[in-house]
Amino acid sequence: MPPAAPASPVSAKSAGLRIAVVGAGIIGLSAALEMRARGADVVVYDSGTDLGAGATIRSAGMLGAAFEWAVEEDQKALAALARHAGMIWPDFAGRVERLAGGGIEFSREGALVVARTAAEISWIEDIAAACQARGLPVQRLTAAELKRLEPGLSDDIRGGLLLPEDRQVDSSLVLQRLGAALSRHGVGLRLGRKIERIVGGALFQTPDGDRFNRIVLATGAGALPEFVGPRGASLAHGLPVSVPVKGQMLALAAGAAMPRHVIHMREGYIAPKARWTLVGATSERGRQDVEVDRAAIADLRRRGALAVPALAQAEEVTSWAGVRPGTPDDAPLIGQTAIPGVFAALGHFRNGILFAPATAEIVADQAIDGKVSPLAAAFDPLRFDNGGEAPHSP
Ligand code: GLY
1 MPPAAPASPV SAKSAGLRIA VVGAGIIGLS AALEMRARGA DVVVYDSGTD
51 LGAGATIRSA GMLGAAFEWA VEEDQKALAA LARHAGMIWP DFAGRVERLA
101 GGGIEFSREG ALVVARTAAE ISWIEDIAAA CQARGLPVQR LTAAELKRLE
151 PGLSDDIRGG LLLPEDRQVD SSLVLQRLGA ALSRHGVGLR LGRKIERIVG
201 GALFQTPDGD RFNRIVLATG AGALPEFVGP RGASLAHGLP VSVPVKGQML
251 ALAAGAAMPR HVIHMREGYI APKARWTLVG ATSERGRQDV EVDRAAIADL
301 RRRGALAVPA LAQAEEVTSW AGVRPGTPDD APLIGQTAIP GVFAALGHFR
351 NGILFAPATA EIVADQAIDG KVSPLAAAFD PLRFDNGGEA PHSP
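Numbering (the working numbering), first residue to last: 1 to 394.
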């Protein structure tokens, strides 16, 4: 008998449904957990041998539901998705920790936004005003109040904000715990298996001969598998070309001089974890290599040290580069593709960790229950489609 699905209302529509998720990053794993919770039989494939070896493991694990969207006037749908994701993250974190039997360093400290210059003071004022306009909690802090919260802040910091509902996790722990939770609850994890083609028909068949009613594509910045159907339709039909955005990151030794909160500066951020303090990140649009450039890493340290001077001398543990999976409008692609039964969960750009539980709900709603929530409509993966040849129906 297969292991029980984690407790959640099981949808009658999931009975007998077999779903293949392609991609074992946080998006694919979270979608798999949600669909399993709703009673589907789920298998996750990834060409890598480790979970989340693309953007997830290289991320800073920040859940910037307010910071990332506060001043993005033209991104209302994204702001709504971010807000919803921020609201459900505490439950998601609790669920993953409970199912896996271990923690993910979900921190409720909140995030600080700090300003040194007059231009930065005006920038944080804009963020505060935008948060207030949207009903997002925000607290203005004087330099002295900031110092009380973070004694290691530079004396040059003139003021800032506390965003109490912006949180963070350790991405690598999230991956480990999601993997454990899925294995314990009967989700197959087929790692090191590159799906080069999915053969279409009434059911989809993967190269290992297994058959599925639904496919969820969660390949991040990686290539989509090929699809071979009766009319040779491509899985990429109607989807925009992915926009890679390289990010380089520095990890410094943790220690007493390091901050406790996520700290956003105008140019970059500091994200302290138990095992190290991350300083990020470059944003290099169009770059998909993962080469580390020493000058860029030195610049991250220099910028971080303007906010927290101890960063200038802290020991470097490591540094790395990753590729954010961007899209032409910076919004994710979530929902049914041009091929019925194939769903996208792609293009989460800077916020895959934040969006993961919200995307998981949207994918499960659509793939299992056939429902498109109002929150999801703006992320239709076919919104860039210029009306090419119609796809085949399985
Ligand atoms: N979300 C932070 C980054 O993409 O660097």
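Glycine residues also receive a C-beta, built at the ideal position from the N, C-alpha and C atoms.
- Item | Cβ-Cβ distance between Ile353 and Ile124 below 7 Å | Not closer than 7 Å, so no.
- Message: Within the continuous alpha helix (DSSP H) that includes Thr359, where are the two ends?
- Response: Membership of Thr359 in the alpha helix (DSSP H) is indicated by the continuous run Gly352 to Asp369.
- Item | Start and end residues, beta strand (DSSP E) containing Leu217 | Under the DSSP assignment, Leu217 falls in the beta strand (DSSP E) whose first and last residues are Arg214 to Leu217.
- Closest by C-alpha distance to Val187, when choosing among Ser373, Val22, Asp369 and Phe355: Among Ser373, Val22, Asp369 and Phe355, the Cα nearest to that of Val187 belongs to Val22.
- Message: Suppose you measure from the CA of Ala118 to the CA of Leu161; what does that come to, to the nearest Å?
- Response: Those two C-alpha atoms are separated by around 15 Å.
- Query: When burial is assigned at 16 or more other CB atoms within 10 Å of the CB, is Ala53 buried or exposed?
  - Reply: Looking at its Cβ environment, which holds 16 or more other Cβ atoms inside 10 Å, Ala53 is buried.
- Query: Going by other Cβ atoms of all chains shown within 10 Å of its Cβ, with 16 needed for buried, is Gly16 buried or exposed?
  - Reply: Burial call: exposed.
- Message: DSSP three-state label for Gly280, please.
- Response: In this structure, Gly280 counts as strand in the three-state DSSP scheme.
- Task: Grab me the residues of Gly286's own chain with a C-beta within less than 7 Å of its C-beta, minus the 5 sequence neighbours each way, in chain order.
- Result: If we look at Gly286 and ignore the five residues flanking it on each side, its Cβ neighbours are Pro244.
- Query: Can you tell me the Cα-Cα spacing of Phe379 and Ile334, whole angstroms?
  - Reply: Using only the alpha carbons, I get a separation of about 5 Å.
- Item | Contact check, Ala129 vs Arg140, beta carbons under 7 Å | No, they are not a contact pair.
- Item | Closest residue to Val262 among Leu278, Thr56, Met249 and Arg211 (Cα-Cα distance) | Closest by alpha carbon: Leu278.
- Contacting residues, own chain, Cβ-Cβ under 8 Å from Ile88 (five flanking each side not counted): Only Pro357, Ala358 and Glu361 meet the Cβ criterion.
- Message: Between Gln336 and chain C, is the shortest Cβ-Cβ distance under 7 Å, so that the two count as touching?
- Response: The structure shown has no chain C; it contains just one protein chain.
- Same chain, Cβ closer than 6 Å to Ala253, five either side skipped, listed in chain order: Within the same chain, and ignoring the five residues on either side of Ala253 in sequence, the residues whose Cβ sits closer than 6 Å to its Cβ are Ala314, Glu315 and Val317.
- Message: For Gly255, list the residues DSSP reports as bridge partners.
- Response: For Gly255, which the question treats as bridged, DSSP gives no partner whatsoever.
- Might you give, ordered along the chain, the residues of its own chain that have their beta carbon closer than 6 Å to the beta carbon of Thr49, omitting 5 neighbours on each side? Take Thr49, set aside five residues on each side of it, and the residues of its chain with a beta-carbon closer than 6 Å to its own are Leu191 and Gly192, in chain order.
- Query: Sorted by chain position, which residues of the same chain lie with C-beta nearer than 7 Å to Leu224's C-beta, five sequence neighbours on each side aside?
  - Reply: Leu217, Leu235 and Ala236.
- Cα-Cα, which of Gly200, Gln205, Gly222 and Leu112 is closest to Pro230? Per the Cα distances, Gly200.
- Query: In three-state DSSP terms, what is Glu120?
  - Reply: In the structure shown, Glu120 sits in a helix (DSSP, three-state: H, G or I).
- Item | Option nearest Leu149 by Cα separation, candidates Ala111, Arg184 and Ala181 | Scanning Ala111, Arg184 and Ala181 for the CA closest to the CA of Leu149 turns up Ala111.
- Mind checking whether Gly247 and Ile270 have CB atoms under 7 Å apart? In this structure, the beta-carbon distance from Gly247 to Ile270 does not fall below 7 Å.
- Roughly how many angstroms lie between the CA atoms of Arg260 and Arg167, to the nearest whole one? Going by the C-alpha atoms only, they are around 12 Å apart.
- Query: Taking Cβ to Cβ, would you say Ile157 is nearer than 7 Å to Leu173?
  - Reply: Taking a C-beta distance under 7 Å as the contact criterion, Ile157 and Leu173 do not qualify as a contact pair.
- Classify Ala376 as buried or exposed, calling it buried when 16 or more other Cβ atoms lie within 10 Å of its own Cβ. Buried is the call here.
- Message: Taking the straight line between their C-alpha atoms, what separation do you get for Ser47 and Asp126?
- Response: Asp126 has its alpha-carbon roughly 43 Å from the corresponding atom of Ser47.
- Indicate whether Ala257 and Ala310 have their beta-carbon atoms separated by less than 7 Å. Contact: yes.
- Would Ser14 be called buried (16 or more neighbouring beta carbons within 10 Å of its own) or exposed? Burial call: buried.
- Task: Measure the CB-CB distance between Gly402 and Phe349 and report whether it falls below 7 Å.
- Result: Because the chain in this structure spans residues 1 to 394, residue 402 falls outside the shown range and cannot be described.
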